[in-house]
Every structure is written in C-alpha cells, then in structure tokens.
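Read the structure below first, then the notes.
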Amino acid sequence: MSHSTQNLSKGVSVISEAVCQKVVGRDNAFTAVENVFAAMAKNTAYNFPVIREAIGHENALYGFKSGFDRDGMVLGLKSGGYWPGNMGKGLTNHQSTVILFDPDTGKLKSLVGGNYLTAVRTAASSAVSIAHLARKNAKVLGIVGAGHQSTFQLRAALEQRNFEKVVAWNLHTDKLSNLAGVCEELNIPFEALSREELCAQADVIITITSAFEALIAHDWIKPGTHIACMGTDTKGKQEVAAALLAKATVFTDELAQAITIGEAQHAIAASLIKADDIVPIGDVINGTRPGRTSEDEITLFDGTGVGLQDLAVASVAVDLAEEQGLATYFTL
Ligand code: NAD
C-alpha cells in the first residue's frame, strides 16, 4: 500500500492557506520544484494540456493545470485563475486550489489552498534557474514588476547568490515600496531605476509583470546577464524584446508551454528562434545538457508555470501538515 493510500483511511485531508504558509518554506519549495523539473526532463512526470478560458464575467481568466508525477506518485490539478478586480475586494487577484487524487485508486485525497503555494512555487522556479544558470559572482539583482508575486521572487532570488544590491522598476511606482520594504528587512541596498538603467546594473533580472508588450530592449542587456522571464504565462503577454531570445541561450520549464504561452511565443512566431534551440532546465539539472558555458553568455529562463510545480509543492504541504497534525479531514 502506498503512503497516500494509507492516509486515505482518515478521509480527504484539507490543508488551509494558513497551514501551507506554516509548513512549506522556500527551501522545500525549491527542492520540490527542482526535482519535478528534473522528472519532467526524464519523462517520468508530465503535464496534461492546460485549459484556460476567459469566462466573460468579472474579466476573469479561469482554468486547470494538471499532471502526473510517476516518481513522486502525485496526481492532481490546480484549478483557478486571475480575477483582476479582486484587489478592491481585499483578495489577491490570483485564486487557486490544488486537488490531489490517489494515483493507485483515483480517489480524492486532498484539497489544498493554492494561493501561497502558487507564489512560493513560482519564486522557486526562477530561483532554480538562478541557481543553475546565473554567474556565480552575480552582485546586483534587478526586479521588473512589484505586484503580488514580486516579493516572493525577491526573497527566493536573494538566497541564490551573494547579492549586494537590488534595483527595481514598476509601472506603478507606488508599489515599489513592497520590494523596498523586503530589502530594508534583509538589510540590502535598494534603488528604483529606469528599465534601461536597471539592465545596465543588474547581473540577474527577474521580470514578473502582466505586460503585453516588451518592457526590455535586447541591446539593454549586458553580457553575462541571467534573466528569468516569469510574467508571461498566456498567449499575447510579453515582457522582453523577441530579439533578446535570439541573442540569449534560452531555457524553460516546459517547451510546449514556452512556445505557445511563454515568453518564447513571440520569437518563435517571428522565426527568430526554433523550438529546438530552447533547453528544458530539467536537462541542465540532470546534467544531460550544459547550462551556462561562458561568463559572457546571456541566459534567459522562460518560466511559464506548470501544473506539476503546483502538485509538487501541494504534496509537500500535505505530507508535512499530516505529519505535524495540522490537516483536517472529511469523508465524501
Ligand atoms: P499583480 O496583478 O499583483 O501585479 C501585476 C504587475 O504587473 C504589477 O507590478 C503591475 O504594475 C505590472 N503591470 C501591469 N500591467 C503592466 C504593463 N502593461 N506594463 C508593465 N507592467 C505592468 O500580479 P502578480 O500576481 O504579481 O503576477 C504577475 C504576473 O505573473 C502575471 O502576469 C501573472 O499571470 C504571472 N504569473 C506567472 C506565473 C508563472 O508560473 N510563470 C505564476 C503566477 C503569476
């Protein structure tokens, strides 16, 4: 009997947002995401086709991301999406719930709050890319975007290198105080800059916006930069010039998503790069393909966000919450 089947005898476990925040830290999110990227590259874990629909109500985008990790024995889906008016209601714009099923029987196993987990797994994704691709001596971290995800991105990135300064840009300048506050707490200098000046200073850049046009020109990026493009997760969104993808070595979490809904969609559509040019980061993690090969190379990670990341961190939340007696149970 598998671990998950043993726990099913207690009923369906419910792991609240508050419990997720208590039990899942950046370190175990990093490990879960790194492992699942590695499993995806070995084809022992795979994502099912994504459903994403504009529902014609509250301007919302709603959908499902799902998959099966045969190594971790994790099966399920994340349901949710983006409600742009939620901020005014005191809620975050992204709303997510993860549902896990027992892979041995198909029975419902767990319901897990997905909002915090989405932020922590998205931050873990760019952090994994920095860990594997950024120059070891990177000193300045640039953040483009200051919305809900941005402080999670900042905290996780700062743990990957000995950064000495953070530079940032956001369309709405008042929101930069979110990032400045984290830097003050962590005692690292912070400076708000123009986008061009940010690119001139930063060794590592994370873009995490909802933009639909390039915010960064290809010739602003200096040699040796690592850039993680994390905001583009839908057809039509864009954060950097398509020409930058031709100049950089491009890596991704999942190739199928990168070329359709990720940052690479524009460079592919303009025939500036081919799908074969894009390296799954799991291959770098597994050591089957090289990552950065020189100090001058520009590396670009197209982090599109896959369902298996959600399932991986949700599974960690379930295991830890059950172990620590923090899960509640019901019978269906
Ligand atoms: P948010 O609504 O809290 O913040 C949006 C950010 O984008 C703000 O900084 C805002 O100023 C900026 N912005 C909006 N329109 C812009 C424009 N036209 N030009 C430049 N900047 C603009 O959203 P969030 O939760 O922080 O998410 C940010 C982005 O990340 C979204 O696009 C979201 O879909 C995406 N996301 C990706 C993943 C992934 O796995 N890759 C996961 C979660 C969210």
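Going by the numbering used here, the sequence shown opens with residue 523, and the numbers climb by one from there. By construction, the Cβ of each residue, glycine as well, lies at the ideal position given by its N, Cα and C atoms.
The residue from V596, K532, V534 with its alpha-carbon nearest to that of Q831 is V596. Secondary structure at D624: coil, using DSSP grouped into helix, strand and coil. The Cβ atoms of A679 and F685 lie closer than 9 Å to each other. If you look at H670, you'll find it isn't in any beta strand (DSSP E); DSSP assigns it neither H nor E.
A direct Cα-Cα distance of roughly 11 Å separates L737 from I730.
T747 carries a coil assignment under DSSP once its states are collapsed to helix, strand and coil. In the three-state DSSP reduction, V534 falls in the strand class (E or B). Within the DSSP bridge table, the entry for F852 names V534 as partners. Here V546 carries a coil assignment [DSSP, helix/strand/coil].
With a cutoff of 8 Å, L622 does not count as near the ligand NAD, since its C-beta is closer than that to no heavy atom of the ligand. A residue is called buried once 16 or more other Cβ atoms fall within 10 Å of its Cβ, and I820 is buried on that count. Counting the other Cβ atoms within 10 Å of the Cβ of A649 gives 16 or more, which makes it buried. Assignment of T731 by DSSP, reduced to helix, strand and coil, places it in the coil class.
In the three-state reduction of the DSSP assignment, E686 falls in the coil class. In the structure shown, E681 adopts coil according to DSSP, grouped into three states. Assignment of F823 by DSSP, reduced to helix, strand and coil, places it in the strand class. H616 has Y604 as its beta-bridge partners, per DSSP.
A distance below 6 Å between beta-carbons, with the five flanking residues on each side excluded, links D805 to the following residues of its chain, in chain order: A563, R811. Here the C-alpha atom of K532 lies approximately 54 Å from the C-alpha atom of I743.
For T815, no beta strand (DSSP E) segment is defined, and its DSSP state is neither H nor E. Take E539, set aside five residues on each side of it, and the residues of its chain with a beta-carbon closer than 8 Å to its own are G635, N637, Y638, in chain order. DSSP places L842 within a helical segment (H, G or I) once states are collapsed to three. In this structure, V555 sits away from A567, with a CB-CB distance that is not shorter than 9 Å.
Checking the DSSP bridge columns, you'll see G635 partnered with T619. DSSP links S588 through a beta bridge to L599.
Checking the 8 Å criterion, the Cβ of M752 is within range of a heavy atom belonging to the ligand NAD.
Selection A714, H670, I795, L676 evaluated against V689 yields A714 as nearest (Cα-Cα). Cα atoms of Q779 and L854: separation of roughly 35 Å, rounded to the nearest angstrom. For N692, the Cβ falls inside the 8 Å cut-off from some heavy atom of the ligand NAD. Assigned with DSSP and collapsed to three states, F552 falls in helix. In the three-state reduction of the DSSP assignment, R657 falls in the coil class. Per the Cβ contact rule, the region 701 to 712 is in contact with the region 668 to 676 (3 or more Cβ pairs under 8 Å). Considering only F570, S632, I783, the residue with the shortest C-alpha distance to G758 is I783.
In the DSSP assignment, I573 is bridged to F586.
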